[in-house]
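Enquirer: Note that the sequence shown covers residues 957 to 1443 in this note's numbering.
A virtual CB, placed ideally from N, CA and C, is assigned to each residue, including glycine.
The structure that follows is given in the form of structure tokens.
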Amino acid sequence: MKKIFMIFLTLAFSMHSYAQPVDATTAKQVGKSFLLAKTSILQQKQALSLRLVYTSPPMQKSADAHPSYYVFNIDSSGFIIVSGSRNTLPILAYSTESPFDPGNIPPNMAHMLSMMALDIQGAIEAEVPATEALTQQWDAYISGRVSLQKATQSLISPLLGGLSWNQRPYFNDSCPYDAEDDIHCVTGCVATAMAQIIKYWEYPTQGFGSFCYVADYASDGYGDYGLQCADFGNTTYRYNDMPDYLNASSSSTAVSAVAQLMYHCGVSVKMKYSPTGSGAYSVLDDYWIGQGEMDARTAFKEFWGYSKAEPADKEDYSNESWVMLLKEQLNRRQPIYFSGRSPDNSSGHAFVCDGYDANDFFHFNWGWGGSYNCYCPVDSLVPGGIGTGGGHGNYSYSQVIIYNLRGENAETSLGWINSIEYINNLNNSSYATTLLLPDTCLQYYYLDGSTSSPDVHAMGSIFNPYSPTFGDMHTDPLIQKNSSYRL
């Protein structure tokens, strides 16, 4: 009996060592250290206050079970989510835009959080030891010895800016009316994500063609609302009348302009309408499109004029190449249609990826009225993977995007004229004017006049030309003047 008990203790200790649980106090310190290392929040150092508002359900049903993650509100201005296990990345998400309300989590964000929890659980069950780099990262956050991030590090601020559209109310005023519930059906996350991207480009002024379908999906758990039609080609979309947000004070002109675009996006994907949750496909195999089904990728091309729209699945990419693809799109000022799916493909959610920070966290606009918009990692939460699915965890496996979404009005631009006046700490100054062509708007400037080989005076890259990226050398020049205009 003693031998059996000792074996049990050994196994229990082994599982505990792999799990490396994090308690709420430690998680709070980790979150605070992360935030204070960000120069944009440094001014709040003296007043920064974190308050625990949500603890995820335990990952295992046992006496020593611990949470997958902790959610802390940052004063009243945002939130941060910290992992409950040192086997994974410390920070799972953060926002400086809105606080976290556990009672009103958008379905698409709830889906992402559930996939994060699966990744964390997978790391523990697979007994994946923390890498040395990961251990050092956790130790630095716990001790508070974290280097401040340079303001010059590469990032793309959220491209959608203050655009904060939702699925209801007002946004769905043109959607089918449900007599039983006495309300209009919600727009659906697919339509909302599409509409926000279309509004960003303010393209097309008029759509292409027309489309009708019978919205009878009662057998699928949705409603029966009869014939739904949109004449895209004969509709002028009134972008100037579309504000960043709708509320009770919005004019009827604003409400009708936004609601019409939302409804037309829904029709273009054969939306399955419901007063509580409307659904549509993001990306389908070409076979199903040939059988009369519709998805967002095809709708973007056929009805909205985004002819270069292409799908990509995280399963086909390494973590590094996936991050590179997303950054390349965002560097071109192109928001990305993002979708997540459950492991069994039984459900999916759509939202917009529109920026990234210096930590390679990507910004997501959930289409929930601006609430919960936040930065999250997009690669595996477990460096090196958990040993299944080609080395990727459930969280990163759930990602499918539609990229190359660029309004034709932008695609046909001849390019940009960019003028830069710069100087370095040696007082060497210069002036350059260059032509930046569309889709290749990347130019390197060097104080020695070279554009072919880098040296310590490289300023970095300018793209379109809103996103200057600087190097790490102390002799990097500073921009004195930067101006540009579109041809």
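Taking the beta strand (DSSP E) that N1321 belongs to, which residues open and close that run?
Expert: Here the beta strand (DSSP E) through N1321 covers 1318-1321.
Enquirer: Since W1157 contacts G1363 with CB under 8 angstroms, what's their CB separation in whole angstroms?
Expert: Indeed, because the Cβ distance is near 3 angstroms, the residues count as touching under 8 angstroms.
Enquirer: State the start and end residues of the unbroken alpha helix (DSSP H) segment that holds R1253.
Expert: Counting along the chain, the alpha helix (DSSP H) containing R1253 begins and ends at 1252-1258.
Enquirer: Extract the residue ranges of the beta strand (DSSP E) inside the region 1126-1152, only unbroken runs of 3 or more that lie entirely within it.
Expert: The region 1126-1152 contains no whole beta strand (DSSP E) run of 3 or more residues.
Enquirer: Going straight from the alpha carbon of G1027 to that of W1121, what length do you get?
Expert: A small fix is needed here, since residue 1027 is Val in this sequence, not Gly. Near 24 angstroms, if we compare the C-alpha coordinates of W1121 and V1027.
Enquirer: Determine whether the beta carbon atoms of V1223 and F1164 lie at a separation below 8 angstroms.
Expert: Contact: no.
Enquirer: Using C-beta distances below 8 angstroms, list every residue in its chain close to P1445, excluding the 5 sequence neighbours before and after it, in chain order.
Expert: Outside the shown range of the chain (957 to 1443) lies residue 1445, about which nothing can therefore be said.
Enquirer: Identify, in the order they occur along the chain, each residue of the same chain with its Cβ nearer than 6 angstroms to the Cβ of G1405, setting aside the five sequence neighbours on each side.
Expert: Note that G1405 has pLDDT 40, beneath the 50 cutoff, so the model's placement of it is unreliable and the number below is only indicative. Counting only Cβ-Cβ distances below 6 angstroms, and skipping sequence neighbours, we find nothing.
Enquirer: Does T1044 come out as helix, strand or coil in the three-state DSSP assignment?
Expert: In this structure, T1044 counts as coil in the three-state DSSP scheme.
Enquirer: Could you pull the DSSP bridge partners for F1035 from this structure?
Expert: Answer is N1029, S1051, bridged to F1035.
Enquirer: Give a yes or no on whether the C-beta atoms belonging to G1296 and P1114 are separated by under 8 angstroms.
Expert: No, the pair does not count as a contact, with Cβ atoms beyond the cut-off.
Enquirer: By the 10 Å Cβ neighbour count, where 16 or more other Cβ atoms means buried, how is L1183 classified, buried or exposed?
Expert: Result: exposed.
Enquirer: Measure from the alpha carbon of D1187 to the alpha carbon of each residue in A1204, Q1216, Y1195, S1212, then state which is nearest.
Expert: Nearest C-alpha to D1187: Q1216.
Enquirer: Name the residue from D1313, E1053, A1066, E1249 whose alpha carbon lies nearest to the alpha carbon of A1171.
Expert: Measuring from the Cα of A1171, the nearest candidate turns out to be E1249.
Enquirer: Based on Cα-Cα distance, which residue from A1096, S1327, G1078, R1194 lies nearest to I1047?
Expert: Comparing Cα-Cα distances from I1047 to each of A1096, S1327, G1078, R1194, the minimum goes to A1096.
Enquirer: Around the C-beta of D1335, are 16 or more other C-beta atoms found within 10 angstroms, so that it is buried, or is it exposed?
Expert: D1335 is buried by the Cβ-count criterion.
Enquirer: Quick one: give me the first and last residue of the beta strand (DSSP E) that Q976 is part of.
Expert: First-last for Q976: undefined, no H or E at that position.
Enquirer: Is it buried or exposed, C1185, if we count other Cβ atoms within 10 angstroms and call 16 or more buried?
Expert: Looking at its Cβ environment, which holds fewer than 16 other Cβ atoms inside 10 Å, C1185 is exposed.
Enquirer: So, V1279 versus I1292, is the Cβ gap smaller than 8 angstroms?
Expert: Not in contact: V1279 and I1292 (Cβ atoms no closer than 8 angstroms).
Enquirer: For C1332, which beta-bridge partners are listed by DSSP?
Expert: Note: C1332 sits in a beta bridge opposite F1318.
Enquirer: Any idea if A1014 is buried or exposed, counting beta-carbon neighbours within 10 angstroms, 16 or more meaning buried?
Expert: At residue 1014 the sequence reads Pro, which differs from the Ala that was named. That one is exposed.
Enquirer: Measuring alpha carbon to alpha carbon, tell me which residue in Q976, S1012, Y1050 is nearest L1006.
Expert: Measuring from the Cα of L1006, the nearest candidate turns out to be Y1050.
Enquirer: Would you mind sorting A993 into buried or exposed? The rule is 16 or more other CB atoms within 10 Å of its CB.
Expert: Result: buried.
Enquirer: Do you know whose CA, among A1147, F1035, G1040, lies nearest D1251's CA?
Expert: The residue with the shortest Cα to Cα distance from D1251 is A1147.
Enquirer: I need the DSSP call for V1214, collapsed to helix, strand or coil.
Expert: Looking at V1214 - three-state DSSP - the assignment turns out to be helix.
Enquirer: Buried or exposed for G1034, going by 16 or more other Cβ atoms inside 10 Å?
Expert: The residue in question, G1034, is buried, as its Cβ has 16 or more Cβ neighbours within 10 Å.
Enquirer: Give me, in chain order, the residues of the same chain whose beta-carbon lies closer than 6 angstroms to that of L1240; leave out the 5 immediate sequence neighbours on both sides.
Expert: The answer, listed in chain order, is E1249, D1251.
Enquirer: Using a threshold of 8 angstroms, state whether the C-beta atoms of I1076 and S1039 are closer than that.
Expert: It is a contact, given that the beta carbons lie within the stated cut-off.
Enquirer: Return the bridge partner residues of G1296 from the DSSP annotation.
Expert: DSSP output for G1296 lists H1305, Q1355 as bridge partner(s).
Enquirer: Which whole-angstrom value describes the C-beta separation of S1024 and A1073, a residue pair presumed to lie in contact below a C-beta threshold of 8 angstroms?
Expert: About 4 angstroms; that satisfies the 8 angstroms criterion.
Enquirer: Could you check what DSSP says for I1112 in three-state terms: helix, strand or coil?
Expert: Reduced to three states, the DSSP call for I1112 is strand.
Enquirer: What are the boundary residues of the beta strand (DSSP E) that includes E1266?
Expert: Residues 1266-1269.
Enquirer: Report buried or exposed for R950, applying the criterion of at least 16 other Cβ atoms within 10 angstroms of its Cβ.
Expert: Residue 950 is absent from the structure shown; the chain starts at 957 and stops at 1443.
Enquirer: At what residues does the beta strand (DSSP E) containing Q1184 begin and finish?
Expert: Counting along the chain, the beta strand (DSSP E) containing Q1184 begins and ends at 1180-1186.
Enquirer: Quick one: measure Cβ to Cβ for S1070 and Q976, integer angstroms, because I've assumed they're closer than 8 angstroms.
Expert: Not really, about 22 angstroms apart at Cβ, beyond 8 angstroms.
Enquirer: Counting only the same chain and skipping the five closest in sequence on each side, list residues whose C-beta sits under 7 angstroms from that of Q1093.
Expert: Cβ within range, chain order: P1046.
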